[in-house]
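The sequence shown finishes on residue 708 if you use the numbering used here, and the numbering steps up by one all the way, no holes. As structure tokens, the structure follows; a few thoughts come after it.
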Amino acid sequence: MTASVLEFSPENTRPFLQEVMEQSGQMLTACYQCRKCAAGCTVGDETGSFTPNILIRAIVLGDRETALNNELIWKCVSCYTCGTRCPNDIQTARITETLKKMAKKAHVQPVLPKVAAFHDAFVESGMRWGRLNEMEFMGVYELKNALREAKTKNYETVVKEFKTQAELGLAMLKLKRLHFGFLFSKGRGEIKALYRKNRYKQALKAKRG
Ligand code: SF4
Ligand code: SF4
Numbered sequence: 500m501t502a503s504v505l506e507f508s509p510e511n512t513r514p515f516l517q518e519v520m521e522q523s524g525q526m527l528t529a530c531y532q533c534r535k536c537a538a539g540c541t542v543g544d545e546t547g548s549f550t551p552n553i554l555i556r557a558i559v560l561g562d563r564e565t566a567l568n569n570e571l572i573w574k575c576v577s578c579y580t581c582g583t584r585c586p587n588d589i590q591t592a593r594i595t596e597t598l599k600k601m602a603k604k605a606h607v608q609p610v611l612p613k614v615a616a617f618h619d620a621f622v623e624s625g626m627r628w629g630r631l632n633e634m635e636f637m638g639v640y641e642l643k644n645a646l647r648e649a650k651t652k653n654y655e656t657v658v659k660e661f662k663t664q665a666e667l668g669l670a671m672l673k674l675k676r677l678h679f680g681f682l683f684s685k686g687r688g689e690i691k692a693l694y695r696k697n698r699y700k701q702a703l704k705a706k707r708g
């Protein structure tokens with residue numbers, strides 16, 4: 500599989516690049532396309548030719564559409580292997596996380612809706628309880644998927660998915676790997692305060708333009 504040609508849009512280049520660099524805290528302009536990140540990416544086999552260096556190139560060229568619509572941002576497992584290998588200390592995991600948030604904010608239809616639902620349910624649960632609550636997380640995740648499939652009248656998939664998850668849940672229960680109840684961390688208040696602070700900072704920035 501060969502990579503598609505990236506579009507250069509001069510009018511969008513600087514604002515988009517600046518936005519991603521500020522939000523991710525990564526100096527993307529330092530990238531000189533050595534591809535060390537690409538050679539070590541854990542999900543390289545899953546994303547075809549769309550490697551971390553291509554993602555960075557798309558952002559540097561101001562190709563917002565490519566940067567927000569690709570499998571890497573949804574398949575990246577935040578293993579930080581690319582960042583460890585990068586001679587310029589560029590952490591692509593922080594960039595993919597930033598782009599996920601930007602895609603959501605811009606209402607871009609995710610390339611992999613199931614992964615997006617998983618990510619949302621995970622973050623929501625972590626934010627609410629300061630840690631992941633397995634039952635709540637799985638319930639919300641399954642509900643998001645079921646609603647999406649129901650919208651397209653794909654009821655067969657909904658039933659199949661519930662069956663698979665029920666079987667998985669039972670197997671985990673037998674192995675005592677499923678925890679009931681809403682567990683929360685001691686630092687839950689601090690985690691919530693951090694999210695609130697971040698949201699406030701972003702709102703302030705948006706107001707200033
Ligand atoms: S390893 Fe770093 S410098 Fe090399 S292509 Fe990847 S991001 Fe760019
Ligand atoms: S952090 Fe993401 S992009 Fe980097 S090596 Fe791991 S999976 Fe690949």
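From the three backbone atoms N, C-alpha and C, an ideal C-beta is built for every residue, glycine too.
Please classify Cys536 as buried or exposed, where buried requires at least 16 neighbouring CB atoms within 10 angstroms. buried
Alpha-carbon spacing of Leu703 relative to Thr550, whole angstroms: 34 Å
Apart from the five residues on each side of it in sequence, which residues of its chain come closer than 7 Å, Cβ to Cβ, to Cys533? Pro586
Exposed or buried, what is Arg695 when buried is set at 16 or more other beta-carbons lying within 10 Å of its beta-carbon? exposed
Just checking my contact of Thr583 with Cys540 at CB under 8 Å: how many whole Å lie between their CB atoms? Thr583 to Cys540, Cβ: 12 Å. No contact.
Report the rounded CA-to-CA distance for Glu506 versus His606, giving the unit in angstroms. 21 Å
Under a Cβ-count criterion, where at least 16 other Cβ atoms within 10 Å of its own Cβ denotes burial, should Gly680 be classed as buried or exposed? exposed
Does any heavy atom of ligand 1 sit closer than 8 Å to the C-beta of Arg687? no
What ranges does the alpha helix (DSSP H) occupy inside the stretch 603-665, keeping only unbroken runs of at least 4 residues that lie completely in it? 612-628, 633-650
Hey, is Asn697 close to ligand 1, as in C-beta under 8 Å from one of its heavy atoms? no
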